[in-house]
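If you read the sequence shown in this note's numbering, its first letter stands for residue 145, the second for the next number, and so on.
A virtual CB, placed ideally from N, CA and C, is assigned to each residue, including glycine.
Please read all numbers here as calculations on a predicted model, not as lab measurements.
Take a look at the structure below.
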Amino acid sequence: MRRPAAQESGPPSIESFAEDGENFLFIPGIGRIPLPPGTRALGPGQGGGERAPERRAPAAGPPAQPKDPAERRDEDMARLYLRLEQAEDEREAKGVAAAIASRWSRAESDTINLLAARALAADAAGAPSLALSLLDYVVALSPQWTEAYVMRAKARAEQGDNSGAIADLETATTLEPKRFDALAALGALKEKSGDKKGALAAYRKSLAISPQQESLRKIEERLHIEVEGRDI
145 MRRPAAQESG PPSIESFAED GENFLFIPGI GRIPLPPGTR ALGPGQGGGE
195 RAPERRAPAA GPPAQPKDPA ERRDEDMARL YLRLEQAEDE REAKGVAAAI
245 ASRWSRAESD TINLLAARAL AADAAGAPSL ALSLLDYVVA LSPQWTEAYV
295 MRAKARAEQG DNSGAIADLE TATTLEPKRF DALAALGALK EKSGDKKGAL
345 AAYRKSLAIS PQQESLRKIE ERLHIEVEGR DI
């Protein structure tokens, strides 16, 4: 059964009709296409002539709030600590450790940074008492800044005040548990004072954060034998 030529050459449309109980689609220029049983074909004007309803894009949510400086600093430090832990050799670890130390050394206050710089200058000039006095002010003004305690611990140790230096380092490592440098210094002071078990614990904490400290690892291995004996 052939359709009129005018209909075959008419504008493109999809039509359906039944023939011998079967449904077909007729597409001008292509011909009849059999449809699977049960398929409902669209009649003239029901096919591609109508545009589907336009879908609206979902409404955008509120813009993300910018992170405050403390959040950005925490994320930055977390990335550096991870790099330090995963460093492949001591050279790489030293570079990452230097970047971390640079961030530790900066206080949020310009006044605190100035006082700390003057304390360092006094210590370098051979005036440890003046350096210690300045650092007492720094700690009083910025009690959460761990670098102040580390600096004061060094000044106290230089004057023979090991117990005061240990107290400062313990405060620093409580405020910032990942201060591997303070942990290593704490271990050295505890070992010097005869607390070998405490020194070993501090060394191991430092190595857990910064594993590529070869000289410290040798000290830890030696002290391990002294405190816990050789492994069987």
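Exposure label - residue i; buried when at least 16 CB within 10 Å
| i | result |
| --- | --- |
| residue 369 | exposed |
| residue 312 | buried |
| residue 259 | buried |
| residue 277 | exposed |
| residue 298 | buried |
| residue 357 | buried |
| residue 362 | exposed |
| residue 232 | exposed |
| residue 322 | buried |
| residue 296 | buried |
Rounded Cβ spacing between residue i and residue j (contact assumed at less than 8 Å)
| i | j | result |
| --- | --- | --- |
| residue 307 | residue 327 | Going by Cβ atoms, the distance from residue 307 to residue 327 rounds to 18 Å, so no, they are not a contact pair. |
| residue 294 | residue 269 | With a Cβ gap of about 20 Å, residue 294 and residue 269 do not count as contacting. |
| residue 364 | residue 344 | 7 Å |
| residue 290 | residue 319 | 5 Å |
Option nearest residue i by Cα separation, candidates the options
| i | options | result |
| --- | --- | --- |
| residue 355 | 209, 236, 206 and 247 | 236 |
| residue 228 | 366, 242 and 263 | 242 |
| residue 226 | 314, 244 and 325 | 244 |
| residue 234 | 281, 217 and 359 | 359 |
| residue 367 | 341, 230 and 353 | 341 |
| residue 252 | 300, 309 and 292 | 292 |
| residue 256 | 231, 284, 213 and 303 | 284 |
| residue 303 | 274, 372, 219 and 221 | 274 |
| residue 247 | 282, 238, 353 and 217 | 217 |
Collapsed DSSP secondary structure at residue i in the structure displayed
| i | result |
| --- | --- |
| residue 322 | coil |
| residue 229 | helix |
| residue 357 | coil |
| residue 272 | helix |
| residue 289 | coil |
| residue 305 | coil |
| residue 206 | coil |
| residue 211 | coil |
Practice problem: Jot down the residue ranges of each uninterrupted alpha helix (DSSP H) in the region 238-284, minimum 4 residues, whole runs only, in chain order. | Solution: 254-268
Self-check item: Completely contained alpha helix (DSSP H) runs for the region 326-375, where each covers 4 or more residues
Solution: 340-353 and 358-372
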